[in-house]
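Peer 1:
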Amino acid sequence: MQAALDEARAAIWLSEPNPRVGCIITSASGQVLGRGHTQQRGGPHAEIMALRDAATLGREVKGSTAWVTLEPCSHHGFTGPCCDAQIAAGISRVVACAQDPNPLVGGQGFERLRAAGVEVEIAPGGPAARELNIGFFSRMIRKTPWVRMKIAASLDGTTALADGASQWITSQAARTDGHAWRARAGAVLTGIGTVRQDNPRLDVRLVESPRQPPLVIVDSRLETPLDAKLFIEGRRVLIYAAQADVARIQALQARGAEVTLMPGPDGKVDLAAMLRDLATRREVNELHVEAGHKLNGSLLREGLVDELLVYLAPKLLGPGQGMASFGPLASLDAALTLEFVSTDMIGPDLRVVARGRGRAVF
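Residue numbers for the sequence shown, in this note's numbering: -4 to 357.
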């Protein structure tokens, strides 16, 4: 099963919005007959790739075991049901890590396999399979993406000087690592403040990637400049606004942006509603936030952030812009309490991944 999980990891930057799944087919003696992982949307799933691999190698799979990290699908989407393909190929046993949280599957794949006489077994590895697909499980169960907030700061928590200067606090190694996290996301989110101040591209450049995640902009008053660098050929730009301005909407649409009005009671974008829309209508699994301290603060204040991805440079910058603007808190008991997931050195910088307590219990 570890080999199947390794295959699934190869789909991290590829399969969005489909889950990252790996499959290994073995003979009764334990010989590997075929292996595969989920391809880009519309392409074959892991089980089909493994069957094709075995066929290419001239290996007979009848009577074999398929080790798969997630329940084989049972519905028709862009491809046919994987459980049917396994039945047709003569697979006699399927060992899976976890049941698919998609209500279109949700145990039906296992049922169809058993009905066809295929032995089904749930194996250890469920937590690892769910962790690989944390965004997919979030979208299916909570109807919201897994929200990961990326922050680059000095050791004393400054993300920009008082005048807004922030390039570059962290090292090239940290920036490259950050692009790898961008590449795995279903979409990248920023705010109009960052767009106007930094005029960023917010695309994936420093690592190879088969896809460019869509860019989401929180822009209540439709102030995104029409000549902003973020308008990149072939990349989707989704703008969420609160105030209708027909002329501005038409101008932004002419630049290729998709504008959605989602006003909240405060005259700003309803952030919680936006996340639900990104999950249910846009099929975003993981939302990667790279924004300024104001939008960061709003997301944290509303309890909408699942995970922090923080790069700390070995520098002290003194007063400036902080990681997030929220509070002040009335007491220490009101603090947003996190749990460290990992700490790693990335070049000279420290990368910290932390989650809110109770997050990702699917």
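For each residue, glycine too, the CB sits at the ideal point set by N, CA and C. The model shown is predicted, which means the values in this text are computed figures rather than measured ones.
1. Roughly how many angstroms separate the alpha carbons of Pro323 and Pro96, rounded to a whole number?
2. Measuring straight from C-alpha to C-alpha, what distance separates Glu253 and Val190?
3. Could you give the distance in angstroms between the alpha-carbon of Thr185 and the alpha-carbon of Glu66?
4. Can you give the Cα-Cα distance for Thr74 and His283, rounded to whole angstroms?
5. List the whole-angstrom C-beta distance separating Ala147 from Gly315, where the pair is believed to meet the contact cut-off of C-beta under 8 Å.
6. Should His71 be labelled buried (16 or more other beta-carbon atoms within 10 Å of its own) or exposed?
7. Would you grab the beta carbon distance between Val443 and Ala178 for me? Rounded to a whole angstrom, and I think it's under 8 Å.
8. Using the beta-carbon count (16 or more within 10 Å), is Asn194 buried or exposed?
9. Between which two residues does the alpha helix (DSSP H) harbouring Asp272 extend?
10. Roughly how many angstroms lie between the CA atoms of Gly101 and Leu312, to the nearest whole one?
11. Just the Cα atoms here: how many angstroms apart are Gln(-3) and Phe132?
12. Determine the extent of the beta strand (DSSP E) in which Asp344 is found, giving its start and end residues.
13. For the beta strand (DSSP E) holding Ile227, just list the boundary residues, first then last.
14. Could you give the first and the last residue of the continuous alpha helix (DSSP H) run that contains Met135?
15. State the Cα-Cα distance for the pair Pro260 and Ala268, rounded to the nearest angstrom.
16. State whether the segment 162 to 172 contacts the segment 132 to 144, with contact taken as three or more CB pairs (one from each stretch) at a distance under 8 Å.
17. To which residues does DSSP link Val89 through a beta bridge?
18. At which residues does the beta strand (DSSP E) containing Ile146 begin and terminate?
19. Using only alpha-carbon positions, find the residue among Asp328, Tyr306, Ile43, Thr139 that is nearest to Ser337.
20. For Cys18, which beta-bridge partners are listed by DSSP?
21. Between the beta-carbon of Glu106 and the beta-carbon of Ser87, is there less than 8 Å?
22. May I have the straight-line CA-CA distance separating Cys92 from Ser204, to the nearest angstrom?
23. List the DSSP bridge partners of Glu373.
24. In the structure shown, what three-state DSSP assignment does Asp55 receive?
25. Does the structure place the segment 121 to 130 close enough to the segment 2 to 22 that three or more beta carbon pairs sit under 8 Å?
26. Taking the straight line between their C-alpha atoms, what separation do you get for Val348 and Val27?
27. Hey, would you say Ala41 sits closer than 8 Å to Val63, going by beta carbons?
28. Going by C-alpha to C-alpha distance, which of Ala110, Arg346, Ile136 sits closest to Leu99?
29. Please state whether the Cβ-Cβ distance between Glu281 and Arg354 is less than 8 Å.
30. Please state whether DSSP places Gly292 in a helix, a strand or coil.
31. Give the list of continuous beta strand (DSSP E) stretches no shorter than 3 residues that lie fully inside the segment 166 to 236.
32. Whether or not the segment 230 to 238 and the segment 211 to 222 are in contact is what I'm after, with contact meaning three or more pairs of Cβ atoms, one per stretch, closer than 8 Å; do they touch?
33. Could you check which residue in Ala329, Thr139, His32 has the C-alpha nearest to that of Arg271?
34. Measuring alpha carbon to alpha carbon, tell me which residue in Leu345, Ala330, Met340, Gly37 is nearest Gly351.
35. When we look at the beta-carbon of Asp339 and count the other beta-carbons within 10 Å, is it buried (16 or more) or exposed?
36. According to DSSP, is Val241 part of a helix, a strand, or is it coil?
Peer 2: On the basis of the supplied data:
1. 39 Å
2. 16 Å
3. 35 Å
4. 28 Å
5. About 13 Å; that fails the 8 Å criterion.
6. exposed
7. Given that the chain is displayed from residue -4 to residue 357, the structure contains no residue 443 and the question cannot be resolved.
8. exposed
9. 266 to 275
10. 51 Å
11. 20 Å
12. 344 to 351
13. From DSSP, Ile227 is part of no beta strand (DSSP E); its letter is neither H nor E.
14. 129 to 137
15. 12 Å
16. no
17. Ala61, Val115
18. 141 to 149
19. Tyr306
20. Gly31, Val63
21. no
22. 27 Å
23. What the structure shows of the chain is the stretch from -4 to 357, and residue 373 is not part of that stretch, so it cannot be assessed.
24. The amino acid occupying residue 55 in the given sequence is Glu; Asp does not appear at that position. Here Glu55 sits in coil by DSSP.
25. yes
26. 36 Å
27. yes
28. Ile136
29. no
30. helix
31. 182 to 186, 210 to 213, 232 to 236
32. yes
33. Thr139
34. Ala330
35. exposed
36. helix
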